[in-house]
Amino acid sequence: MSDIFSRIEHSRTADEVIGQIETLILEGVLRTGDRLPGERDLAQRFEVSRPILRDALKTLELRGLLVTRHGGGTHVADVIGQVFSKPVMDLISTHRKAAGDYLEYRREIEGIAAEYAARRATPDDIALLDAIMARMDDAYDSGDFEDEAEIDVEFHHAVGECAHNIILLHTLRSCYRLLSEGVFRHRLLVFTLPGAREELLAQHRAIYMAVKAGDPAAARKAAMDHIAYVERSMAEAERTGDWQRVSRLRLRQRAGEHELQRKRS
């Protein structure tokens with residue numbers, strides 16, 4: 005975080021500081037939970053007085069963009085969580101159609117994000133994707149599908165950032181919040197399907213390579229194909245899970261009937 009704040013060039017007022025921090029939050033440089041540097045350090049980076057900095061931070065806190073934790077410093081507030089309120093998230097988690105609608109929406113919006121990323125990704129963006137892809141390979145080798153699932157979300161976050169569209173960025177973040185909050189609890193079942201881990205890794209690599217190559221059409225297709233596969237896999241995983249539940253109940257019932265007959269005879 006040492007290089008993201010820059011000195012205030014003009015009047016050195018609280019408004020200038022507020023504007024710079026707001027922009028960093030809006031553009032996704034500062035994310036939910038990120039801790040700002042201490043007051044003295046931050047004032048030096050902006051080259052403003054500490055009273056001016058305090059006024060700026062207080063204003064941002066009143067606007068709901070920052071939170072101050074007693075003894076824990078100043079952090080970026082959970083502004084994304086407000087897109088889907090807790091009651092709405094609970095409704096989504098309990099209605100089966102919502103999962104299908106969620107993936108249908110993601111298929112289209114992630115196609116756009118990947119296309120934009122292929123057009124706009126900077127060398128620094130590609131370096132970030134390189135690092136995430138390497139971690140994804142490591143998670144695959146370790147066989148930890150919970151770790152793979154977490155990096156999966158991080159990868160899609162990064163592609164959204166590479167698109168350099170503020171509205172798209174925050175829309176995608178609100179979508180991924182549903183995953184990180186465990187709204188779709190059965191999504192991890194996808195990683196347990198035969199061949200799924202290999203297929204998912206190959207699909208992420210296809211998106212990554214298309215973005216890195218600057219091929220918008222290929223990036224969009226790879227992203228949409230990936231979500232279409234997830235749609236099919238989640239449906240299969242859910243159906244398989246239901247079959248297993250029914251089979252288990254049937255076996256228990258038959259075993260009970262057999263035991264009853266044995267006792268009667």
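Heads up: the sequence shown begins at 5 in my numbering, then just goes up one per residue. All C-beta atoms in this analysis are idealised placements derived from N, C-alpha and C, irrespective of residue type, glycine included.
Secondary structure of residue i, DSSP reduced to three states
i    : result
H74  : coil
H168 : coil
V234 : helix
V33  : coil
H99  : coil
G104 : helix
F50  : helix
R201 : helix
R11  : coil
D59  : helix
G23  : helix
D219 : coil
8 angstroms Cβ cutoff met for residue i and residue j
i    : j    : result
K225 : I130 : no
R49  : G77  : no
I116 : L182 : no
I8   : E114 : no
V71  : A121 : no
C166 : R124 : yes
G37  : V80  : yes
R58  : R44  : no
I25  : L64  : yes
L193 : A118 : no
F159 : H208 : yes
I12  : V21  : yes
Residue i at chain D interface by Cβ criterion, 8 angstroms
i   : result
D59 : You won't find chain D in this structure, because it holds only one protein chain.
Bridge partners - residue i, DSSP secondary structure assignment
i   : result
V80 : L70
R39 : H79
Tell me the start and end of each unbroken alpha helix (DSSP H) in the region 112-192 that is at least 4 residues and wholly inside, in chain order.
-> 127-146, 149-166, 170-184
Check whether the region 131-138 touches the region 102-120, counting contact only when three or more Cβ pairs, one atom from each stretch, lie closer than 8 angstroms.
-> no
Flag this pair as touching only if the region 192-208 and the region 87-97 have three or more C-beta atom pairs under 8 angstroms; answer yes or no.
-> no
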